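What follows is one structure encoded as structure tokens, with my remarks underneath.
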Amino acid sequence: MNTSIPCPCCSTPLLHHFSDRREYWFCRHCWQEMPIVDRDLHQAKRKVGNAIDLSNSILVSN
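With the first letter of the sequence shown counted as 1, position 42 gets the number 42 in the UniProt record's numbering; the numbers rise by one all the way through.
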């Protein structure tokens, strides 16, 4: 799943990092840690990306 989050400063895709019991975003262009600007939006994208489409799996019995 690819949910690229753009850097708020330069729009380069941010890298998602986990270290020291925290998560953060890093921009390779600005060479800076970036805050999660809209964490709720990111979480919503992650949930939608992980959703399973069952519309084609519905069985109809006659």
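The C-beta atom is built at its ideal place from N, Cα and C for all residues, glycine as well.
It should be emphasised that the depicted structure is a prediction, and the values quoted were computed from it without experimental measurement.
With a threshold of 6 Å on Cβ separation, who are the neighbours of residue i within its own chain once the five nearest residues in sequence on each side are excluded?
| i | result |
| --- | --- |
| F26 | L15, H17 and E33 |
| H29 | C10 and T12 |
Following the continuous beta strand (DSSP E) through residue i, name the residue where it begins and the one where it ends.
| i | result |
| --- | --- |
| S19 | L15 to S19 |
Smallest Cα separation from residue i: which of the options?
| i | options | result |
| --- | --- | --- |
| E23 | P8, P35, C7 and C10 | P35 |
Spell out the partners DSSP gives residue i in its beta bridges.
| i | result |
| --- | --- |
| C7 | None; C7 has no bridge partner. |
| C30 | The partner list for C30 (beta bridge, DSSP) is empty, contrary to what the question assumes. |
Excluding sequence positions up to five away, which residues of its chain have a Cβ less than 8 Å from the Cβ of residue i?
| i | result |
| --- | --- |
| P6 | T12, P13 and L14 |
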